[in-house]
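Reviewing the structure listed below.
2 protein chains.
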Amino acid sequence: MNKIEICLSPELIHLHDLKGKIVVVVDIFRATSTMVTGLANKVKSITPVAGLEACRAMKEKGYIIAGERNGQTAAGFELGNSPLSYLNNAFEDKKIAVTTTNGTLTIEKSKKDAAEVLIGAFLNLKATADYLIQQGKDVVIHCAGWKGMFNLEDSLYAGALVNVLAGHFGYDCDGAIAMKALYEQHQDDLKDFLSQASHAKRLQNHNIEADIDFCLTLDKFDFIAKLQGEALVKVDLQVV
Amino acid sequence: MNKIEICLSPELIHLHDLKGKIVVVVDIFRATSTMVTGLANKVKSITPVAGLEACRAMKEKGYIIAGERNGQTAAGFELGNSPLSYLNNAFEDKKIAVTTTNGTLTIEKSKKDAAEVLIGAFLNLKATADYLIQQGKDVVIHCAGWKGMFNLEDSLYAGALVNVLAGHFGYDCDGAIAMKALYEQHQDDLKDFLSQASHAKRLQNHNIEADIDFCLTLDKFDFIAKLQGEALVKVDLQVV
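Chains as they are written, first to last, in the numbering used here: chain A, 1 to 240; chain B, 241 to 480.
Written out as structure tokens, the structure is:
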């Protein structure tokens, strides 16, 4: 039986052996939720870039550049980090380059050694789970956290994914046991529970309540988002 | 109102500002539970030492040396890491030097900048909480984990301490919110819940079921264990 582990922060990823495994990167508020939404809305590809300068330079190459630091659109960027910006196919067929406080760094740190890197969100939880079951490889769920610290929303997503996969995968890592239990306890009051958390509080301060609601929507989309080369692309499950 | 934070692994402690704060180090299975038990059983002092060689060298200075790596007594050491070894005042008035896989390193990493370092265990949870309330300083609960990884028993202790302190301290760190919720969910089936966890499984393999039961006993002792200079000593609450 294949196994699932959870890595609760990119500061701990060096403790995990990623060789031959599928890494699922999650940054619920909001990087990976926004990326999945962009791909659902016909964006051609999304290239995660760890640094602000490197991302800015992508504009010259014909990319739309999206940049966020500390929850705000970074200076000189065309787009911030809201999933709602991508609705109604607003950037159809465009190539996006994106840098965020936590999510893009976490993707960068996941690439080394992993067999595949996916990004995950509540928005495509079931599709991601179905794909992982198909592939039959060990899985590491890599939570972006907040500046290296544990955060609640990414860990709850990890718990939700373990919950869905529990019949198909073994999990004996303590993080997986803890977060599965916490998700099962709070799956029906996820938003209320998260409203205590520090990151949700930060987001409320920026008046993005609507983003939070959107990011917590379960299974709105039925594809996976996968890193191919340097860019994330949409992969429909039936053509996997 | 003073605040509590949780640090889930010594690999994350650099993200916390310890200045002026009281750090409570916890390694439930078994370092800090064993230290508290030793002090309750009239050991004079316990000096945590991060390395095996440095600890061995303490024998020359008249210390009883205790050494554990990966759950087993380390070669050449007089004592391992079982709290039961210290019962019945077996080492009354002795000075102990101890090195363990996770706990002693975590104490070492806590000393820098902190106003005070305590060690915590379920065995003296209420006494530790009472002391923290008296002191009126911010608190960081520093979980030893397992080789840098999150572990369940230390995190549940952290959640238990936040639970007891919740009326007296603020807590807006996500780790504190998560672990308090998880402890509240499982406080009445703590041993069953932990029996799923990787570290408890490791301990079961070493036939130390009795150690587990002992380490999960709540409020058996009513003193705090505090680092004074290089050594942990027993401090009775009434004379604080």
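We put the CB at the ideal spot given by N, CA and C, even for glycine.
- For Leu401(B), the enclosing alpha helix (DSSP H) has its first and last residue at 392 to 405.
- Sixteen is the threshold: since fewer than 16 other Cβ atoms of the shown chains lie within 10 Å of the Cβ of Ala115(A), the residue is exposed.
- At a cut-off of 9 angstroms, the C-beta of Gly415(B) has a neighbouring C-beta in chain A.
- His142(A) is outside the set of residues whose beta carbon lies under 9 angstroms from a beta carbon in chain B.
- Straight-line measurement puts the Cα of Val402(B) at about 24 angstroms from the Cα of Val473(B).
- Residue contact with chain B for Met1(A): absent (no Cβ-Cβ distance below 9 angstroms to any residue of chain B).
- In the DSSP secondary-structure assignment, Glu68(A) is bridged to Thr73(A).
- Asp257(B) counts as exposed, since fewer than 16 other beta carbons sit within 10 angstroms of its beta carbon.
- In this structure the region 103 to 119 of chain A touches the region 41 to 51 of chain A; the number of beta carbon pairs closer than 8 angstroms is three or more.
- Residues of chain B with a Cβ closer than 8 angstroms to the Cβ of Met149(A) are, in chain order, Leu252, Leu255, Cys413, Asp414, Gly415.
- At the C-beta level, Ala121(A) and Cys215(A) come within 9 angstroms of one another.
- Straight through space, the alpha carbons of Thr368(B) and Asp459(B) are spaced by roughly 10 angstroms.
- Taking the beta carbon of His408(B) as reference, no residue of chain A falls within 7 angstroms; the closest one sits roughly 18 angstroms away.
- Excluding its 5 nearest sequence neighbours in each direction, Ile373(B) has C-beta neighbours in its own chain below 6 angstroms: His408, listed in chain order.
- With a 10 Å radius around the Cβ and a threshold of 16 neighbouring Cβ atoms, Asp192(A) comes out exposed.
- The three-state reading of DSSP puts Phe223(A) in strand, counting E and B together.
- In the pairwise beta carbon analysis, the region 141 to 151 of chain A is classified as not touching the region 40 to 47 of chain A: fewer than three pairs are separated by under 8 angstroms.
- In the three-state reduction of the DSSP assignment, His16(A) falls in the coil class, being assigned neither a helical nor a strand state.
- When the alpha-carbon of Gly20(A) is set against those of Asp27(A), Asn2(A), Thr99(A), Thr37(A), the nearest one is in Asn2(A).
- It is roughly 17 angstroms from the alpha-carbon of Val235(A) to the alpha-carbon of Asn89(A).
- Nearest neighbour of Ser9(A) by Cα position, chosen from Gly80(A), Asp113(A), Glu153(A), Leu190(A), turns out to be Glu153(A).
- DSSP links Ala231(A) through a beta bridge to Gln228(A).
- When DSSP assignments are scanned along the region 72 to 141 of chain A, the uninterrupted stretches of alpha helix (DSSP H) that are 4 or more residues long and fall wholly within it turn out to be 103 to 111, 125 to 135.
- The C-beta of Leu8(A) comes closer than 9 angstroms to at least one C-beta of chain B.
- The Cβ neighbour count for Leu123(A), taken over all protein chains shown within 10 Å, is at least 16; the residue is labelled buried.
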